[in-house]
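Q: Here you go, one structure.
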Amino acid sequence: CVGMRVAEATACFEDVFCTIRFEHEYSNEFAEDIVMSQDRPIGDTVASGDTVTLLVSMGPVPCPYEYSQKLTVGASSGSSYADMTLYEWRNGDWEAIFSCDATVGRNGIGTNYGEGKKITPQGVFKLGVALSANSIPNEEWPYYQVTKSTCVVDDVNSRLYNTIQNKNDLPGSVSYDSIGRKLTNGTNNVLIYIEHNGDGFTSDGVVAGKCSVITICGCSSSIKPTFGCVDISTSNMTKLLELLDYRQNPHIELTVW
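Quick note: the sequence shown uses this note's numbering, first residue 1, plus one each step.
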């Protein structure tokens with residue numbers, strides 16, 4: 001019966017009044033519903049009243065996380081130069097599908113991050129909205145088109161801290177990062193929001209002072225140590241966006257080696 005579907009295997013015993021007992025396991029070798037093994041050797045005689053046990057595949061081992069795509073960014077302690085790799089869960093394991101050079105905060109990746117500390121937040125976070133002045137090469141990914149006036153509030157005393165705003169709508173006393181200017185003048189082609197401290201649109205879950213404007217940035221010039229963002233080249237940003245699959249709930253893992 002090995003290699004048969006359950007229905008085919010069951011049909012083999014139609015004229016023999018024996019009991020068929022099924023056991024199930026995940027398998028990266030056998031597709032779902034395929035018999036992987038049997039407890040009776042080939043050529044053995046099966047009689048009425050006997051029990052035959054068939055081990056049936058449940059398909060590949062499922063991903064143990066809430067996400068089946070992960071973008072890992074790793075750097076040695078205190079270093080601002082990092083490796084970025086995009087993995088996808090395939091056949092029961094992580095498979096690398098893209099990698100490139102990256103830079104992170106001038107003071108590396110760490111847990112003691114905060115506004116002005118130039119440390120990239122360490123941890124696992126959801127990848128959020130992509131911001132660009134133009135269209136992006138991924139129709140499924142949530143996208144926000146910016147103008148020159150688009151900004152992110154970095155004022156720890158503002159209730160709008162770490163949210164995307166129009167600078168013309170803000171009181172003059174509120175400080176902000178002019179991401180719209182950088183995206184419209186070509187300094188960056190795309191920014192992908194890292195949801196370490198809110199999603200950029202509401203103040204829900206935002207902690208004042210725990211870093212604002214932490215994004216993956218596609219940079220037109222050579223990548224350098226940052227204030228906390230993850231920088232890659234514009235060409236690598238385009239490749240990354242082409243591969244990201246929003247249906248797989250991609251997360252970023254920022255780690256120290």
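Glycine included, every Cβ here is placed at the ideal spot set by N, Cα and C.
Nearest to glycine 43 by alpha carbon, out of Gly49, Cys1, Gly108?
A: Closest option to glycine 43, Cα to Cα, is Cys1.
Q: I need the straight-line Cα distance from valine 124 to phenylalanine 30, nearest angstrom please.
A: Using only the alpha carbons, I get a separation of about 32 Å.
Q: List the DSSP bridge partners of tyrosine 143.
A: According to DSSP, which records beta bridges pairwise, tyrosine 143 is partnered with Ala130.
Q: Answer with buried or exposed for isoleucine 136, where buried requires no fewer than 16 other C-beta atoms within 10 angstroms of its C-beta.
A: By the 10 Å Cβ count, isoleucine 136 comes out buried.
Q: Could you check if isoleucine 252 is buried or exposed, using at least 16 other CB atoms within 10 Å of its CB as the buried criterion?
A: Answer is buried; the Cβ neighbour count reaches 16.
Q: Does tyrosine 193 pass the burial test, meaning 16 or more other C-beta atoms within 10 Å, or should it be called exposed?
A: With 16 or more other Cβ atoms within 10 Å, it is buried.
Q: Specify the secondary structure class of tyrosine 67 as computed by DSSP and reduced to three states.
A: Note: tyrosine 67 maps to coil in three-state DSSP.
Q: Alpha carbon to alpha carbon, what distance is there between valine 61 and valine 129?
A: Each residue's alpha carbon lies about 30 Å from the other.
Q: Between aspartate 83 and asparagine 185, what straight-line distance do the alpha-carbon atoms span, to the nearest angstrom?
A: Looking at the two C-alpha atoms, the distance is approximately 27 Å.
Q: Asparagine 189 and glycine 218: beta carbons closer than 8 Å?
A: Their beta carbons are under 8 Å apart, which means asparagine 189 touches glycine 218 by this criterion.
Q: Return the CA-CA distance between phenylalanine 13 and tyrosine 26, expressed in angstroms with no decimal places.
A: Answer to the nearest angstrom: the Cα atoms are 25 Å apart.
Q: Since I believe valine 156 is in contact with glycine 209 (beta carbons under 8 Å), could you give me their beta-carbon distance rounded to a whole number of angstroms?
A: 5 Å between Cβ atoms; contact.
Q: Between glycine 110 and the rest of its own chain, which residues show a CB-CB distance below 6 Å, the 5 nearest in sequence each way excluded?
A: Closer than 6 Å at Cβ, skipping near neighbours: Ile119, Gln122.
Q: What's the C-alpha gap between threonine 215 and alanine 11?
A: Distance between the alpha carbons of threonine 215 and alanine 11 is about 57 Å.
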